[in-house]
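Going left to right, the sequence shown walks through residues 208 to 503 as my numbering numbers them.
Scroll down for the structure; my scribbles are underneath it.
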Amino acid sequence: MCPSFSPAVGRHREVKHCLGHRMRPLFGLAAVVAAASLYLYLLSSFLPAGPPRPAPLAPGTGHELEQPEEVSRLKFPADLDELRELAELLQFYKSEHTGYVLLLFSSAYLYKQSFAIPGSSFLNILAGAIFGLYQGLFLACVLTTVGSTTCFLLSQTFGKQYIESFFPEKVSMLQRKVEENQDCLFFFLLFLRFFPMTPNWFLNMSAPIVNIPITFFFCSVFIGLLPYNFICVQTGVMLSEVSSLDDLVSWERLLQLLAIACMALLPGALIRHLSQRHFKLDDQSQNQLITDKKVQ
Numbered sequence: 208m209c210p211s212f213s214p215a216v217g218r219h220r221e222v223k224h225c226l227g228h229r230m231r232p233l234f235g236l237a238a239v240v241a242a243a244s245l246y247l248y249l250l251s252s253f254l255p256a257g258p259p260r261p262a263p264l265a266p267g268t269g270h271e272l273e274q275p276e277e278v279s280r281l282k283f284p285a286d287l288d289e290l291r292e293l294a295e296l297l298q299f300y301k302s303e304h305t306g307y308v309l310l311l312f313s314s315a316y317l318y319k320q321s322f323a324i325p326g327s328s329f330l331n332i333l334a335g336a337i338f339g340l341y342q343g344l345f346l347a348c349v350l351t352t353v354g355s356t357t358c359f360l361l362s363q364t365f366g367k368q369y370i371e372s373f374f375p376e377k378v379s380m381l382q383r384k385v386e387e388n389q390d391c392l393f394f395f396l397l398f399l400r401f402f403p404m405t406p407n408w409f410l411n412m413s414a415p416i417v418n419i420p421i422t423f424f425f426c427s428v429f430i431g432l433l434p435y436n437f438i439c440v441q442t443g444v445m446l447s448e449v450s451s452l453d454d455l456v457s458w459e460r461l462l463q464l465l466a467i468a469c470m471a472l473l474p475g476a477l478i479r480h481l482s483q484r485h486f487k488l489d490d491q492s493q494n495q496l497i498t499d500k501k502v503q
């Protein structure tokens, strides 16, 4: 004979089952973040000894003071001073440990992009300072695209219900705009990258929810963020070469800045011209979607 249950017990089990169903994706995402963080920590722990620094002189003797060997610590840069210091350190390592620096930089970049952590623009600048313009630009474009696609897949697997719960109005608005622009969806996605009506991190996470094909998403990220990545990487190249204000205001630097401005404005102007003819974007939609600046 089957035991009988009261309605209260049944409701309690239903609530418990629903709560467990909602918490499983959160635990899964936490496990992925923990595993990625552990990997990045272990990778950075193999950092070799840093470049030798001049030892201070003992007062009155002129002899150098003995100092214990310092082990350099890596961290994500928070300002330009930290960025320049990190660039100098990694440039030193790159001459002897090129593969290690490439693996460490790529892992840190993918970590930030995959988990939608702000500050990737600093890593784009760092790419230019360490690897130069062409290699740095290629690396930044590839890592941006792969990291954003990983964020897309993580959101699709673990975060759909949470994003819909936390940002219902934004998701609904983006869903409507995607449906209205189905006939030119790829160019609409390019428009969103050139003129972000919503931050890139939100677009990466909400794309699977509004049924954007992953192939369109992948290609639009690579092409749409190319001018932005170029600006950041070229800035890193200039910062690594500038040693004084005189270098910054030279004719060569001014011409480089002019080329950067043209590179950034030309594709954006073409996409804006296309949007005025084909995209369905009303003023109310733009006001509701615009929340803050592009965050990489």
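Just so you know, even glycine gets a beta-carbon here, dropped at the ideal spot from N, CA and C.
None of the values given here were measured: they were computed from a predicted structure.
Pick from the options that is closest to residue i, judged by C-alpha positions
i: Val240; options: Leu361, Ser327, Gln389, Val440; result: Leu361
i: Gln382; options: Phe365, Thr405, Thr364; result: Thr405
i: Glu504; options: Tyr369, Gly366, Asn411, Val417; result: The question about residue 504 has no answer, for the chain in this structure spans 208 to 503.
i: Leu311; options: Leu350, Ile324, Cys358, Ser328; result: Leu350
i: Ser321; options: Leu432, Thr352, Cys439; result: Thr352
i: Val384; options: Gly366, Phe373, Leu410, Gln363; result: Rather than Val, the amino acid found at residue 384 in this sequence is Lys. Among Gly366, Phe373, Leu410, Gln363, the Cα nearest to that of Lys384 is on Leu410.
Proximity below 8 Å, CB of residue i to CB of residue j
i: Arg400; j: Val378; result: no
i: Asn407; j: Leu344; result: no
i: Tyr307; j: Ala243; result: no
i: Thr356; j: Phe424; result: yes
i: Ile421; j: Leu396; result: no
i: Ala323; j: Cys358; result: yes
i: Ile332; j: Thr442; result: yes
Residue i - DSSP class collapsed to helix/strand/coil
i: Pro232; result: helix
i: Ala265; result: Note that Ala265 has pLDDT 48, beneath the 50 cutoff, so the model's placement of it is unreliable and no number is given.
i: Pro375; result: helix
i: Phe253; result: coil
i: Ala243; result: helix
i: Phe329; result: helix
i: Lys367; result: helix
i: Gly354; result: helix
i: Phe283; result: coil
i: Ile324; result: coil
i: Gly161; result: No answer is possible for residue 161: the residues shown for the chain start at 208 and end at 503.
i: Glu271; result: Confidence is the limiting factor: at Glu271 the pLDDT is only 49, short of 50, which leaves the residue's position unreliable and the question unanswerable from this model.
Residue i beta carbon near the ligand PLP (any heavy atom closer than 7 Å)
i: Phe299; result: Here there are no bound small molecules, and the ligand PLP is not part of this structure.
Residue range of the alpha helix (DSSP H) that includes residue i
i: Ser362; result: Per DSSP, Ser362 belongs to no alpha helix (DSSP H) and is neither H nor E.
i: Phe312; result: 305-321
For this session: Run through the stretch 389-457 for me and flag every whole beta strand (DSSP E) of 3 or more residues, listed as ranges in chain order.
Result: none
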